[in-house]
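S.K.: Got a structure for you, written out below as structure tokens; questions coming shortly.
Residue numbers (the working numbering): 629 to 727.
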């Protein structure tokens, strides 16, 4: 928490519970303010997930995306993608690996 600064964006919701009661909450995508940081400290928030900008160039993103797609196609090469369950798994893995 010591590294958190105003202007950072939450990558996941923040919920601080104490004795089973919600004490403090911020939604995913919220941009932190100095007031938020004070509230987080006062409510003993232990950690947060912060959005980090992707430092890759558009060209590198395209290369990485193509490599991921190729590897997933290799893994699923023997699979019957007309099966809805396998197709859903394929789509989920492809989406996850390209996030």
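Ideal placement from N, C-alpha and C gives every residue a C-beta, glycine not left out.
Treat the numbers as computed from the prediction; the structure is a model and nothing was measured.
1. Grab the span of the alpha helix (DSSP H) containing residue 689 for me, first residue to last.
2. What three-state label does DSSP hand residue 666 in the structure shown?
3. Going straight from the alpha carbon of residue 797 to that of residue 692, what length do you get?
4. Using alpha carbons as the reference points, say which of 686, 725, 672 lies closest to residue 697.
5. Keeping to the same chain, check which residues put their C-beta closer than 6 Å to that of residue 755; ignore five residues upstream and five downstream.
M.R.: Result, derived from the coordinates:
1. Counted as a single uninterrupted DSSP element, the alpha helix (DSSP H) harbouring residue 689 occupies residues 686-703.
2. Shown here, residue 666 sits in a helix according to DSSP, grouped into three states.
3. Not covered by the structure: residue 797. The range shown for the chain is 629 to 727.
4. Of the candidates 686, 725, 672, the one whose C-alpha sits nearest the C-alpha of residue 697 is 725.
5. The requested residue 755 does not occur in the structure, where the chain is confined to residues 629 to 727.
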